[in-house]
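Accompanying notes for the structure given below.
Protein chains in written order, with my numbering: chain A, -3 to 229; chain B, 3 to 292.
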């Protein structure tokens, strides 16, 4: 579904991705784990089009995506829940969700919003409140729900566990896993390697802008090098 | 009593003009957080282009529509040529760019048109209407009606339409707006076109009363800005109430005190209000969690 070949990207003169190869197949949950500063977020930004790619190619559902502007990628079925949530803080929860379905005006929008509320009941409770007033965990739920409103085939999730209490993190991972049943393919980028690998089918380990290991998630969890470097076991 | 009514009527007329300028500020501010100080120039262009195309023989309504359309294009050009290349610069730099653009447009208007004051005929004649001993010219009703209609239109646009919400979303978080599929470049183009069109409309409506010259924009931009600040920047309701209040303050001061003090009193009241309510009368106090 999503193929990344030799992608390089730089901030000014400093290259942070040195040729990344990666594949996500339809229906999978794939995770990219790695330390802070490894280039995971930059990789996702290249995929969503908010960071320029200096070399390499991205294919999504058979089409080349590399030079498609960011705002057109959701039309192709690729959504992103970005790092730091990036919700519309001045607008209400409901307006945030409605804007998630900006591309659509049919009756399915209402149904999807009810689905979102069913998934995150707290959002229904707070739907008329300004989103900037939500707690961190609620904002993360809103960011995921908003991305789903765009009816993506593939969802890019950037650090959904960042800065959240362990209980909330567990809840978020549960929801991510439940998306499998909704036919949404997921690329999950996480510093919380254990949590991410536990729900994923396959994993990639990223270090200083390169993929250094890849394999089924269960194998990665069992790998002594990973256990030592990322799982703290 | 007659005098009071007279002052109120002229205050509302002037206030409606300020409100139209303030509404123009509102749109660009909502889309980009930028206060566009070239807004007054849009008013001037609306009036001037109508004057010259009308003198060239076009019927007045056609001249007015043409003026509004051309001014919209100037607004779009301002965004494309001056603001878009500076994308990513701090908002203060962008505001300074709009001040530069305002000086440029004024200079260009001086060359293209002239330095005289002009007017064209009122839309519904100049026969004053008598109301309880006070009088009002029919053109004032056009100005007030125009301001109210633009206000209602904008209010519906921002609260009821998805496109309006897309404008708000773009201002709030450009990155997230792109991720939900909003073409943020197009939103900016739309905002500048709309804002310039509203400014030009104000110029068309008010020229038969106040006349138009190449340099009328500066004062109007300042007053419109003050009105927008008073009402709460970014809020159409605030722009309308702020504009009308400012007009009334000026008219009452001019009537009962002295016309020399009208600006001073108006600004003292604005400062006092902002001192107590820094967000303006209808501004949202924003809280953000990180």
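Even glycine gets a Cβ: it sits at the ideal position worked out from N, Cα and C.
Asked	Found
Min CB distance residue 187 of chain A to chain B below 8 Å	no
For residue 11 of chain A, three-class secondary structure by DSSP	strand
Residues in the stretch 154 to 173 of chain B having any Cβ partner in chain A nearer than 7 Å	164, 167, 168, 170 and 171
CB contact check: residue 73 of chain A to chain B, cutoff 8 Å	no
Residues, ordered as in the chain, of the stretch 19 to 33 of chain A that lie near chain B by beta-carbon distance below 7 Å	none
Pairwise C-alpha distance: residue 14 of chain B and residue 222 of chain B	15 Å
Contact with chain B by residue 91 of chain A, beta-carbon distance below 8 Å	yes
Proximity test, Cβ basis, 8 Å: residue 290 of chain B and chain A	Only weak support exists for where residue 290 of chain B lies, its pLDDT of 45 falling under 50; the coordinates are left without a value.
Between the CA atoms of residue 227 of chain A and residue 99 of chain A - distance to the nearest angstrom	40 Å
Residue 145 of chain A - containing alpha helix (DSSP H), residue span	132 to 145
The stretch 71 to 86 of chain B / the stretch 186 to 199 of chain B touching (three or more Cβ pairs under 8 Å)	yes
6 Å CB neighbourhood of residue 234 of chain B in its chain, flanking five on each side removed	240, 281, 282, 283, 284 and 285
Which listed residue (A:155, A:209 and A:148) has its alpha carbon closest to that of residue 22 of chain A	A:148
Delimiting residues of the beta strand (DSSP E) encompassing residue 141 of chain B	Segment 140 to 162 is the alpha helix (DSSP H) holding residue 141 of chain B; no beta strand (DSSP E) there.
Pairwise C-alpha distance: residue 11 of chain A and residue 202 of chain A	15 Å
Helix, strand or coil at residue 39 of chain B [DSSP, three-state]	coil
Contact list for residue 184 of chain B against chain A, beta-carbon separation under 8 Å	67, 95 and 98
Short-range partners of chain A found in the stretch 79 to 100 of chain B, where Cβ spacing is below 7 Å	none
Beta-carbon contacts of residue 87 of chain A that lie in its chain and below 8 Å, excluding the five residues immediately before and after	95, 126 and 127
Coil, strand or helix - residue 56 of chain A by DSSP	strand
Proximity winner among A:103, A:145 and A:137, relative to residue 158 of chain A (alpha-carbon distances)	A:137
Closer than 8 Å at the beta carbon, the chain B residues around residue 87 of chain A	167, 170, 171 and 174
Cβ of residue 180 of chain B within 8 Å of any chain A Cβ	yes
Extent of the continuous beta strand (DSSP E) run through residue 131 of chain B	131 to 133
Inter-residue spacing [alpha-carbon to alpha-carbon] between residue 34 of chain B and residue 173 of chain B	5 Å
Among B:237, B:126 and B:30, the one whose alpha carbon lies nearest that of residue 210 of chain B	B:126
Three-way DSSP call (helix, strand, coil) for residue 88 of chain A in this model	strand
Residue 81 of chain A versus residue 185 of chain A: straight-line alpha-carbon distance, rounded	13 Å
Interface flag, residue 84 of chain A vs chain B, CB-CB below 8 Å	yes
Endpoints, the beta strand (DSSP E) within which residue 152 of chain A is located	150 to 154
Spatial distance of residue 229 of chain B from residue 271 of chain B (CA atoms)	11 Å
Proximity to residue 199 of chain A [Cα-Cα], best of A:191, A:28, A:7 and A:1	A:28
Distance between residue 209 of chain A and residue 153 of chain A (C-alpha atoms, nearest Å)	20 Å
Own chain partners of residue 187 of chain A with C-beta closer than 6 Å, once the 5 adjacent residues on each side are dropped	none
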